[in-house]
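**Q** My questions all concern the structure below.
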């Protein structure tokens, strides 16, 4: 099995999306990840794009559980547990 290299923040985002799905981890395949350094006057971090593959007859329901309300979701950063970051839609 090949593993895709990713930052701790991208890995935390993936874990959060899997948790939102309610599906077993082996149902969601990460096929691509892109992380880009990002900063503003008050914040330094990364922007992430994850491409997932979800096979199976109930894949549409899993995708809906991941995506519904995602634009307002708060993802807790593992190393900065007092800060929550907004997930853009």
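Numbering (the working numbering), first residue to last: 7 to 95. Where a beta carbon is used, it is the ideal one built from N, C-alpha and C, also for glycine. A quick note: this is a predicted structure, and the numbers were derived from the prediction, not measured.
1. Mapping DSSP to helix, strand and coil, what is residue 69?
2. Terminal residues of the continuous beta strand (DSSP E) containing residue 42?
3. Can you tell me the Cβ-Cβ gap for residue 54 and residue 16, rounded? I've got them flagged as a contact below 8 Å.
4. Have a look at 13, 73, 8 and flag the residue whose alpha-carbon is nearest the alpha-carbon of residue 51.
5. Please confirm whether residue 36 and residue 19 have their CB atoms less than 8 Å apart.
**A** Taking the structure as given:
1. Indexing the chain shown from 1 puts residue 69 at position 63. Residue 69: helix per DSSP, three-state reduction.
2. For the purposes of this step, residue 42 is taken as the residue at position 36 of the chain shown. Its beta strand (DSSP E) spans residues 35-45.
3. The residue labelled residue 54 in the question sits at position 48 within the chain shown. The residue labelled residue 16 in the question sits at position 10 within the chain shown. Residue 54 to residue 16, Cβ: 5 Å. Contact.
4. Sequence index remark: in the chain shown, residue 51 carries index 45 (1-based). Cα-wise, what sits closest to residue 51 is 13.
5. The residue labelled residue 36 in the question sits at position 30 within the chain shown. The residue labelled residue 19 in the question sits at position 13 within the chain shown. It is not a contact, given that the beta carbons lie outside the stated cut-off.
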